[in-house]
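Each residue of the sequence shown is one higher than the last, beginning at 1 in UniProt numbering.
Report on the structure given below.
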Amino acid sequence: MHLYSFFNSSTSYRVRIALAIKGINVDYHGVDLRTGAHREQRFKAQNPAGGVPLLIDEQGNALGQSLAIIDYLEALHPDPPLLPAEPLLRARVLELANLIACDMHPLNNLRVRNYLANELALSEVQQQNWIKHWTASGLTAAETLLQRHGMGDYCFGDAPTLADCCLVPQVANAIRTNCSLESYPRIVAVYQHCQQQPAFQRAAPKQQPDYR
Ligand SMILES: N[C@@H](CCC(=O)N[C@@H](CS)C(=O)NCC(=O)O)C(=O)O
């Protein structure tokens, strides 16, 4: 399998965590978002959404969307599972994953930040306020969900799930953009625990071949 990824992309990071937890090896291809490689026609021919990650499987099938990719990996390699079998717990994991993937991440995605800077001509301070506002809004909701329903060292128990695959990269984004984490003790505890785990360490931006 081939993974098209950018070291600092949080959606790629989700997939890298899932791959590492499941022990699946892939050929890694760096796609430099800073140079716009993801907008080139030959990349968009494989992923019309023009973003990373992109997975190409053994049969040559191209698949975009991090959650769809992780779901595919889960179906191909069910052990260890990233989604619990118990229906309500599974729904809790998906609730947090979707909060991050659908409500949080798109608002601070590169194309949105480029639009704010280039089309709307927002100042640096206004752009930073945008990032901080939507990061705080999302993390506050995530913290509340984890305070209510979380348990164990990870988001939902003593084994990592899809929720952790989504949470850790989003926290890394928050740190990278200088957003305060002091109001989110449960999120920080989960993040710090995950940072100690070999699978999460292997998936980290600094460990990727395109890191520089
Ligand atoms: N919903 C997609 C989002 C993919 C995406 O947009 N990834 C970002 C990097 S984290 C990207 O490629 N951004 C490029 C851009 O916005 O121009 C997923 O979960 O895979």
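Heads up, the beta-carbon is just placed ideally off N, CA and C, and yes, glycines get one too.
Here the structure is a predicted model, which is why all the values come from computation and not from measurement.
Residue i Cβ short of 7 angstroms to ligand 1 heavy atom set
| i | result |
| --- | --- |
| Ser66 | yes |
| Val52 | yes |
| Arg111 | yes |
| Ser9 | yes |
| Ala97 | no |
| Ala101 | yes |
| His2 | no |
| Leu33 | yes |
| His29 | no |
| His38 | yes |
Reduced DSSP secondary structure (H/G/I, E/B, other) of residue i
| i | result |
| --- | --- |
| Ser5 | strand |
| Tyr13 | helix |
| Ala62 | strand |
| His38 | helix |
| Leu89 | helix |
| Tyr72 | helix |
Pick from the options that is closest to residue i, judged by C-alpha positions
| i | options | result |
| --- | --- | --- |
| Asp103 | Phe43, Asn61 and Leu139 | Leu139 |
| Leu82 | Leu110, Glu124, Glu119 and Gly23 | Gly23 |
| Leu33 | Asp27, Asn25, Gly51 and Gln41 | Gly51 |
| Leu107 | His77, Ala136 and Ala159 | Ala136 |
| Ala101 | Gln41, Met1, Trp134 and Gln201 | Trp134 |
| Leu180 | Asp153, Ile131, Val190 and Cys155 | Correcting the residue type first, residue 180 is Ser in the shown sequence and not Leu. Ser180 has its Cα closest to that of Ile131, out of Asp153, Ile131, Val190 and Cys155. |
| Arg14 | Ile175, Gln65 and Val112 | Gln65 |
Inter-residue spacing [alpha-carbon to alpha-carbon] between residue i and residue j
| i | j | result |
| --- | --- | --- |
| Ala62 | Ala199 | 25 angstroms |
| Ala45 | Arg39 | 10 angstroms |
| Lys206 | Val26 | 17 angstroms |
| Gln128 | Leu122 | 10 angstroms |
| Arg202 | Phe7 | 12 angstroms |
| Glu124 | Arg111 | 16 angstroms |
| Ser10 | Gln59 | 26 angstroms |
| Ala85 | Ala49 | 31 angstroms |
Chain C within 8 angstroms of residue i, Cβ atoms only
| i | result |
| --- | --- |
| Thr161 | The chain labelled as chain C is not found in the depicted structure, where only one protein chain is given. |
- Message: Measuring CB atoms only, is the region 152-168 touching the region 82-97, in the sense that at least three cross pairs come out at less than 8 angstroms?
- Response: The region 152-168 vs the region 82-97: in contact.
- Query: Is the region 67-74 touching the region 8-18 in the sense that three or more CB pairs, one from each, lie closer than 8 angstroms?
  - Reply: Touching, yes, given that three or more Cβ pairs across the two stretches are closer than 8 angstroms.
- So does the region 138-154 actually touch the region 173-191, counting three or more Cβ pairs closer than 8 angstroms? A contact exists between the region 138-154 and the region 173-191.
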